[in-house]
Amino acid sequence: MTIALNTALRNTRANAIKTDIDKGGAAGKFRVYSGTRPASGGTATTLLAELTYSYPSAPSASGGVLTFSAISPEPSAKATGTATWGRAVDSTGAFVKDFDVGTAGADFNLNTVSITAGVQVSCTSAVITEGNP
Amino acid sequence: MSWLDRFKKAGAPEADAPVVTAADQRGALDPRVHHEYFVADEPIDGRWPWLCRVYAADGQPSEMTGSEETESEARTAAIAWADATKNAMRSKE
Numbered sequence: 282m283t284i285a286l287n288t289a290l291r292n293t294r295a296n297a298i299k300t301d302i303d304k305g306g307a308a309g310k311f312r313v314y315s316g317t318r319p320a321s322g323g324t325a326t327t328l329l330a331e332l333t334y335s336y337p338s339a340p341s342a343s344g345g346v347l348t349f350s351a352i353s354p355e356p357s358a359k360a361t362g363t364a365t366w367g368r369a370v371d372s373t374g375a376f377v378k379d380f381d382v383g384t385a386g387a388d389f390n391l392n393t394v395s396i397t398a399g400v401q402v403s404c405t406s407a408v409i410t411e412g413n414p
Numbered sequence: 006m007s008w009l010d011r012f013k014k015a016g017a018p019e020a021d022a023p024v025v026t027a028a029d030q031r032g033a034l035d036p037r038v039h040h041e042y043f044v045a046d047e048p049i050d051g052r053w054p055w056l057c058r059v060y061a062a063d064g065q066p067s068e069m070t071g072s073e074e075t076e077s078e079a080r081t082a083a084i085a086w087a088d089a090t091k092n093a094m095r096s097k098e
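Protein sequence lines correspond, in order, to chains A and B. So for the first sequence, our numbering puts the first residue at 282; every next one is plus one. So for the second sequence, our numbering puts the first residue at 6; every next one is plus one.
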């Protein structure tokens, strides 16, 4: 069954994510992993890279869409592997949200999903659309 | 210009040029070591449960759980355990 939310409610849900990422009082992190994505908040697989959100991470959502501000790249990937999913945490390490990653059409898009240790990894776009776009 | 400048080679750096050095890596953890923690959205039986994981450089997680009287105390306890665990790893590296 499809749930229909009004735009104000969609914005509230999207802004709650942004608030949680910023909750630590400094820039949150987006960690990129290889392997099978675990259940929400489950034990992480192999860490490939750690990118850094802006602080605050995004302006307020509009039209149910949260578009993140510039995300700093990981200058030197921590391991080699294929990026399959990512986890947002606040600056203190508190879990916020798990995402699918890709190079296009994902919630969090990278310049590549074929990551090589020591090579830069960057975000090309990060947008969350809440409710029914 | 001092008399020493006559020995200077073309293109040599100026004496007052900033010197960039690498950060002191002594005692630094492997950059793959990281932690994450979880605090319940609401208290259970009046206390705030938390779970913290520290991932070693090889990806192996260590876990600890606890519960505190407030959400803030739960966050603090989780972070404190993560720091202590990382310090223990640091002494082994």
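We put the CB at the ideal spot given by N, CA and C, even for glycine. Predicted model only: the values in this text are computed from it and were never measured.
Check: By how many angstroms is the C-alpha of residue 13 (chain B) removed from the C-alpha of residue 85 (chain B)?; Outcome: 54 Å
Check: Residues bridged to residue 367 (chain A) by DSSP?; Outcome: A:313 and A:380
Check: Which residue wins for smallest C-alpha separation from residue 407 (chain A), given the options A:308, A:413, A:382 and A:330?; Outcome: A:382
Check: Classify residue 321 (chain A) as buried or exposed, calling it buried when 16 or more other Cβ atoms lie within 10 Å of its own Cβ.; Outcome: exposed
Check: So, are the CB atoms of residue 330 (chain A) and residue 359 (chain A) less than 9 Å apart?; Outcome: yes
Check: Is there contact between the stretch 332-343 of chain A and the stretch 283-302 of chain A, where contact requires at least three CB pairs shorter than 8 Å?; Outcome: yes
Check: Give me the chain D residues within the contact set of residue 84 (chain B), using Cβ-Cβ distance strictly less than 8 Å, ordered along the chain.; Outcome: No chain D appears in the structure shown, which is made up of the protein chains A and B.
Check: Rounded to the nearest angstrom, what separates residue 311 (chain A) and residue 70 (chain B) at their Cα positions?; Outcome: 23 Å
Check: Using only the alpha-carbon positions, how far apart do residue 66 (chain B) and residue 285 (chain A) sit?; Outcome: 40 Å
Check: Ends of the beta strand (DSSP E) at residue 290 (chain A)?; Outcome: Run containing residue 290 (chain A): none in the beta strand (DSSP E); it sits in the alpha helix (DSSP H), 288-302.
Check: Relative to the C-alpha of residue 410 (chain A), which residue among A:352, A:314 and A:380 is closest?; Outcome: A:380
Check: Going by the beta-carbon positions, is the gap between residue 77 (chain B) and residue 54 (chain B) smaller than 9 Å?; Outcome: no
Check: How many Å lie between residue 75 (chain B) and residue 323 (chain A) at the Cα?; Outcome: 24 Å
Check: Excluding the five sequence neighbours on either side, which residues of its own chain have a C-beta within less than 8 Å of the C-beta of residue 390 (chain A), listed in chain order?; Outcome: 382, 383, 384, 404, 405, 406 and 407
Check: Only counting the same chain, and skipping five residues up and downstream in sequence, which positions put a Cβ closer than 6 Å to that of residue 398 (chain A)?; Outcome: 358, 360 and 361
Check: Name the chain B residues that come within less than 8 Å of residue 328 (chain A), Cβ to Cβ?; Outcome: 37, 39, 60 and 64
Check: Give me, in chain order, the residues of the same chain whose beta-carbon lies closer than 6 Å to that of residue 412 (chain A); leave out the 5 immediate sequence neighbours on both sides.; Outcome: 286, 291 and 345
Check: For residue 68 (chain B), is the classification buried or exposed, using 16 other Cβ atoms within 10 angstroms of its Cβ as the cut-off for buried?; Outcome: exposed
Check: Name, please, each residue of chain A whose Cβ falls closer than 8 Å to the Cβ of residue 3 (chain B).; Outcome: The question about residue 3 (chain B) has no answer here: the residues shown for chain B are numbered 6 through 98.
Check: So, helix, strand or coil for residue 405 (chain A), using DSSP?; Outcome: strand
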